[in-house]
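Asks: Mind looking over this structure? Questions follow.
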Amino acid sequence: RYWNRDSIVIYPPVETSKYGYRDDEGYYLSIGRLDPLKRIDLIIETFKKLKDHEVKIVGTGPEERSLKELAKSCGNIEFCGFVDEKEKIELLGHCRGLIFTAMDEDFGLVPVEALASGKPVITVNEGYPPHMIKEGVNGVIVESNVRSFVEGIEKCERIAWEPSKIIDSAIRFDINNFIEQWRTLIGTVP
């Protein structure tokens, strides 16, 4: 744009083969830093209204204490703290879906990891993550308020998801495609 040149965007890679579908254990999942920009409070307020649904919140950060206080009377909200890669893959594989509330996220690796696990993503309509989602095929796009998230989760519950289609939607972000895109780009340099 500034140098009168076309640009090519190559997204960060995810090793999608590490992930895979596992039986749904009935909980929703959030993975991320417990920070104001991630809006975990929105998840807590949503699940206060959805008492019949469980959410596991993975991560640590500066808001951890206040978020736990906000959720203290809710038996359906579990804070998991930091988890290693192996446990994260297990949690993603067994969740019902990923809840993604980050404010204007420029990309978001966690939504891709959820898709690679065959799980739908319920994401705010901000930043790049909504561009990964095909409504009703691999996720649900909602506005950044409690009512919209409640409706999005209820919609998610009604859809008969096809894990293989969800997994297919993550392939474009696979590390092998990333490598091939770089090779192609480098091959065009005079």
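Residues in the sequence shown are numbered from 30 upward in steps of one, following my numbering.
Yeah, the Cβ is synthetic: ideal placement off N, Cα and C, and Gly gets one too.
When you compare each of P159, Y50, I37, I39 to D197 by their alpha carbons, which one comes out closest?
Replies: If we check each option's Cα against that of D197, Y50 comes out closest.
Asks: Looking at I151 and I128, is the spacing between their C-beta atoms short of 8 angstroms?
Replies: Yes, the Cβ-Cβ distance between I128 and I151 is below 8 angstroms.
Asks: Does the beta carbon of S193 fall short of 7 angstroms from some heavy atom of the ligand PLP?
Replies: Looking for the ligand PLP in the displayed structure turns up nothing, as the structure carries no ligands at all.
Asks: What does DSSP give as the partner residue(s) for S59 in the beta ladder?
Replies: DSSP lists I86 as partners of S59.
Asks: Where K184 and V169 are concerned, what is the direct C-alpha to C-alpha distance, given to the nearest angstrom?
Replies: Looking at the two C-alpha atoms, the distance is approximately 8 angstroms.
Asks: In three-state DSSP terms, what is T213?
Replies: Looking at T213 - three-state DSSP - the assignment turns out to be helix.
Asks: What span of residues does the beta strand (DSSP E) with V171 cover, start to end?
Replies: Per DSSP, V171 belongs to the beta strand (DSSP E) from 168-171.
Asks: Which of the three DSSP states is assigned to E107 in this structure?
Replies: Three-state DSSP puts E107 in a strand.
Asks: Using the C-alpha atoms, what's the distance from W32 back to K163?
Replies: Each residue's Cα considered, the two are about 33 angstroms apart.
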